Amino acid sequence: MVRGQTAGPSGFQPCSGRGRGAANPGAGSPAHTAPRRSALAPTVRVSWLAWSHLRPAAERRYAAGDGANGPARRTVLAAQLSRSMTIAIPWPPPTRCRSRRIGCGAGYTATRLTGRPETMAYADLRDYLATLDRSRKLFRVQAEVERDWEIAAVTRRVFQRIPERDRPGLVFDHVKGSDIPVTVGILGASREVYALALECRVDEIADRWAEAQDNPLEPELVASGPVKEHVLLSDQADVTALPVSTWTVGQDAGPFLTAPCVVSEDPETGERNVGTYRIQIKEPRKVGIQLSNPTRDMWTHIRKNEEHGRGTRCAIVLGADPTIGLTSVARIAYGLDEFAVAGRLRGAPLPVVKCETSDLLVPASAEIVIEGEVMCGVREPEGPFGEYTGYMSDSGDSFVIRVDAITHRDKPIFHDFFSQMPPSESSTIRGTGREMAIYKHLTRDLRMPVTDVHFLHAGGGAAFLAIAMRKKFDGQPLAAMWGAWSVDPSLSKFTVVVDDDIDVRDTFQVLWAMSWHVQPQRDVQIIQQTPPVPLDPSLAPADMARAVRRGQLASKVGIDATRKHAYPARSVPPREHLEEVDRRWERYGLDPRYLASMAGAR
10 MVRGQTAGPS
20 GFQPCSGRGR
30 GAANPGAGSP
40 AHTAPRRSAL
50 APTVRVSWLA
60 WSHLRPAAER
70 RYAAGDGANG
80 PARRTVLAAQ
90 LSRSMTIAIP
100 WPPPTRCRSR
110 RIGCGAGYTA
120 TRLTGRPETM
130 AYADLRDYLA
140 TLDRSRKLFR
150 VQAEVERDWE
160 IAAVTRRVFQ
170 RIPERDRPGL
180 VFDHVKGSDI
190 PVTVGILGAS
200 REVYALALEC
210 RVDEIADRWA
220 EAQDNPLEPE
230 LVASGPVKEH
240 VLLSDQADVT
250 ALPVSTWTVG
260 QDAGPFLTAP
270 CVVSEDPETG
280 ERNVGTYRIQ
290 IKEPRKVGIQ
300 LSNPTRDMWT
310 HIRKNEEHGR
320 GTRCAIVLGA
330 DPTIGLTSVA
340 RIAYGLDEFA
350 VAGRLRGAPL
360 PVVKCETSDL
370 LVPASAEIVI
380 EGEVMCGVRE
390 PEGPFGEYTG
400 YMSDSGDSFV
410 IRVDAITHRD
420 KPIFHDFFSQ
430 MPPSESSTIR
440 GTGREMAIYK
450 HLTRDLRMPV
460 TDVHFLHAGG
470 GAAFLAIAMR
480 KKFDGQPLAA
490 MWGAWSVDPS
500 LSKFTVVVDD
510 DIDVRDTFQV
520 LWAMSWHVQP
530 QRDVQIIQQT
540 PPVPLDPSLA
550 PADMARAVRR
560 GQLASKVGID
570 ATRKHAYPAR
580 SVPPREHLEE
590 VDRRWERYGL
600 DPRYLASMAG
610 AR
């Protein structure tokens, strides 16, 4: 452990060369660091087709590492594999390369796709990045980028222009003014990426979440861990040294942490909560935190402490095992430990260590941990910030955290979420986690014949919910709506229930069912006086004070878009004819990429 070592700006150990972020639990030691490429080495531009032929041979070299030097050899080969060339890849890649991705080919398991045993938990963020790389779901941006605008703009274009099934996570290796690389999109670029974080197939996500919440696995306390490799106390702890981005230039109040996993405890019960809330960088040792409404668990902790004149100890975890990031944004029942749920998701207890300035526990292999205290009774202006609704949120008084310490690994990696206007990473992550909670409640608790649930991307993973079910009787769709609303009354402003032959993940099919299966006076329910969707701009004028806005009530719409009687046959060619056309697709001279995009079309 090196306390207060200041090899880089404000004490952060610089992240040098191409070895940054090498995906191995021991990546900080010399034996586990990839060699830095000479500045004179040529930059190679490789087409996707050429890369698809070159990469299997490199992967065979990677897999060949064994014996006493196997791990080190595999680490070096992995680094060479992913960082020895700058690759210019036209997106989307041809379909011929897709069958090796999770959820894109029948019969593939996580083991075949990632090269990892199904029972092996990710050691840390670096291990997970290596898996994304091997699965062709990670792209490294080697050009130097500005943190104040360029990271946000590049990520926005990636999400706009690359179809979701092909969308990679990003690593910006060279951020101007910082030695710390930035990674974004690595949990929610797509459902395929989300499934990789859970080491499962896309169609296994719901069961994986249900099992984790039913059978949590308690974390394991260890004496120390990589996150303690550098400990910065008091004035050495400077959050402005982190490469924190400004996501909505000219409108955000400043740089914000968008992927913090904030750990706090209930002062009465000792129950731990881990949640993700936006955090505004204010000063080297001061940040603001926005808790969107008083129902948030951390708000409860703060309120209980302030009733006794105490501050609330907290720890901000940046760059942990991917299951931590997913549980932090999911809707977990109060009192259920997110670290324990993450332990079951990863298939092994999460190693945790004590903080330097409190008894809070944090992941031992996290990249960076900021320790501090929510100051009792202190409120300061926070925001505005470009939110998941696609609009700027308001500015208002909010809680303030005093920073007391920062601990981090050698050559840390900074992790952020891409938020703002959908499609965005935060909407995918939050929406998928909420889907799993609702699906579990409807199918396991209420025993309803629900086959799928989905928060539409346009609703930011919060406002528009579609439920597919095998309806047994009239009135059951309305019961499904109420069941979904009971999981979180603030979500699902619009809830649509469709028959199970409608793909709720295809917005066109959902709108088609609403258009032709609904009579508004019979099938539309309006529910008054409900909690609002967080940060919903339709609730009240933007100039309304934040405290007043939080007291406003809203309403919901429930739509039964199932068939109420027998319908005529659909007006489409027979399925066998369409399938025959699929087999003859290339014979017609049509682009093979569009064959996969039409899979499942009726």
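In terms of the numbering used here, the sequence shown opens at residue 10 and continues consecutively.
Glycine included, each C-beta is placed from N, C-alpha and C at the ideal position.
Given the structure is predicted, the values throughout are model-derived calculations rather than measurements.
So which of the options has the shortest CA-CA distance to residue i?
| i | options | result |
| --- | --- | --- |
| LEU179 | THR304, ASP425, ASP413, THR249 | ASP425 |
| VAL253 | ASP133, LEU327, ALA472, GLY567 | LEU327 |
| GLU173 | TYR286, HIS466, LEU604, PRO390 | HIS466 |
| MET523 | PRO390, ALA488, TRP494, LEU474 | LEU474 |
| HIS463 | ALA446, MET457, ARG479, ARG453 | ALA446 |
| ALA324 | ALA262, VAL412, GLY297 | VAL412 |
| SER547 | CYS364, CYS270, LYS502 | LYS502 |
| ARG176 | LYS185, GLY197, HIS183 | GLY197 |
| TYR2 | TYR137, MET553, TRP525 | Outside the modelled stretch of the chain, which goes from 10 to 611, sits residue 2, for which no answer is possible. |
| LEU251 | SER273, PRO293, LYS313 | PRO293 |
| GLY318 | SER243, GLY386, GLY440, SER337 | GLY386 |
| LYS480 | VAL519, ARG572, LEU599 | ARG572 |
| ARG439 | LYS420, ALA471, PHE423 | ALA471 |
| GLN485 | VAL459, GLY469, PRO498 | VAL459 |
| PHE168 | GLU585, GLU434, GLN289, MET490 | GLU434 |
| LEU205 | VAL507, VAL191, TYR137, ASP182 | TYR137 |
| HIS574 | PHE482, PRO543, TRP521 | PHE482 |
| ASP454 | GLN528, LEU562, LYS420, ALA489 | ALA489 |
| GLN289 | ARG312, GLY320, SER367, GLU391 | GLU391 |
| PRO543 | TRP521, GLU588, ARG558, LEU604 | ARG558 |
| THR516 | PRO190, GLY259, GLY468, ASP261 | GLY468 |
Cutting at 6 angstroms between CB atoms, please list the residues of its own chain near residue i, excluding the five before and the five after it.
| i | result |
| --- | --- |
| GLY560 | none |
| SER93 | A caution first: SER93 carries a pLDDT of 33, below 50, which makes its placement in the model unreliable, though a value can still be read off. Once the five neighbours on either side are set aside, SER93 has no close Cβ partner at all. |
| ARG514 | HIS463 |
| ASP157 | THR255 |
| ARG593 | none |
| ARG217 | LEU207, CYS209 |
| TYR597 | none |
| ASN224 | ARG353 |
| ARG149 | VAL180, ASP182 |
Roughly how far, in whole angstroms, is the beta-carbon of residue i from the beta-carbon of residue j, given that I think they are within contact range, below 8 angstroms?
| i | j | result |
| --- | --- | --- |
| GLU280 | ARG322 | No, GLU280 and ARG322 are not in contact; Cβ-Cβ is about 14 angstroms, not under 8 angstroms. |
| SER564 | THR539 | 6 angstroms |
| ALA570 | VAL496 | No, ALA570 and VAL496 are not in contact; Cβ-Cβ is about 20 angstroms, not under 8 angstroms. |
| ARG340 | ARG443 | 6 angstroms |
| ALA551 | ASP461 | Going by Cβ atoms, the distance from ALA551 to ASP461 rounds to 36 angstroms, so no, they are not a contact pair. |
| ASP509 | MET478 | 6 angstroms |
| LEU134 | ASP330 | 7 angstroms |
| GLU274 | LEU369 | 7 angstroms |
| LEU241 | ILE476 | Actually they are not in contact, since the Cβ atoms of LEU241 and ILE476 sit about 48 angstroms apart, beyond 8 angstroms. |
| THR257 | MET401 | 7 angstroms |
| ARG287 | THR309 | Going by Cβ atoms, the distance from ARG287 to THR309 rounds to 19 angstroms, so no, they are not a contact pair. |
| ILE171 | VAL193 | No, ILE171 and VAL193 are not in contact; Cβ-Cβ is about 14 angstroms, not under 8 angstroms. |
| VAL248 | ILE379 | 6 angstroms |
Tell me, which residues are paired with residue i by DSSP?
| i | result |
| --- | --- |
| VAL378 | VAL326, THR416 |
| LYS565 | ILE536 |
| GLY284 | VAL271 |
| GLU292 | LYS295 |
| LYS363 | LEU370 |
| ILE476 | VAL462, VAL506 |
| PRO252 | DSSP output for PRO252 lists no bridge partner at all. |
| ASP406 | PRO390 |
| GLU347 | Paired residues: none, contrary to the question. |
| ARG149 | VAL180 |
| VAL191 | PHE181, PHE423 |
Going along the chain, which residues of its own chain have a beta-carbon closer than 8 angstroms to the beta-carbon of residue i, five neighbours each way excluded?
| i | result |
| --- | --- |
| GLY344 | THR278, GLU280 |
| GLU389 | LYS291, GLY297, ASP406, SER407, VAL409 |
| VAL566 | LYS502, PHE503, THR504, VAL533, GLN534, ILE535, ILE536 |
| LEU354 | LEU207, ARG217, TRP218, ALA221, THR332, LEU335, THR336 |
Please return the same chain residues whose Cβ sits closer than 7 angstroms to the Cβ of residue i, not counting the five positions on each side in sequence.
| i | result |
| --- | --- |
| MET450 | Checking the sequence shown, residue 450 turns out to be His, not Met. Counting only Cβ-Cβ distances below 7 angstroms, and skipping sequence neighbours, we find GLY492, VAL496. |
| CYS270 | VAL283, THR285, VAL326, ALA329, ILE333, GLY334, SER337 |
| TYR448 | ALA215, VAL459, VAL462 |
| ASP591 | LEU604 |
Comparing the CB of residue i with every heavy atom of the ligand ATP, is any distance shorter than 8 angstroms?
| i | result |
| --- | --- |
| ASP532 | Ligands in the displayed structure: none, and consequently the ligand ATP is not present. |
Using 8 angstroms as the cut-off, can you tell me whether the stretch 231 to 242 makes contact with the stretch 363 to 374, which would need three or more C-beta pairs spanning the two stretches below that distance?
yes
Assess contact between the stretch 192 to 206 and the stretch 141 to 160, defined as three or more Cβ pairs (one per stretch) separated by less than 8 angstroms. Is contact present?
yes
Report yes or no: do three or more beta-carbon pairs, one from the stretch 345 to 354 and one from the stretch 304 to 320, lie closer than 8 angstroms?
no
Does the stretch 391 to 402 come within contact of the stretch 423 to 443, defined as at least 3 CB pairs closer than 8 angstroms?
yes
Inter-stretch contact at 8 angstroms, needing at least 3 Cβ pairs: the stretch 359 to 366 / the stretch 209 to 229
yes
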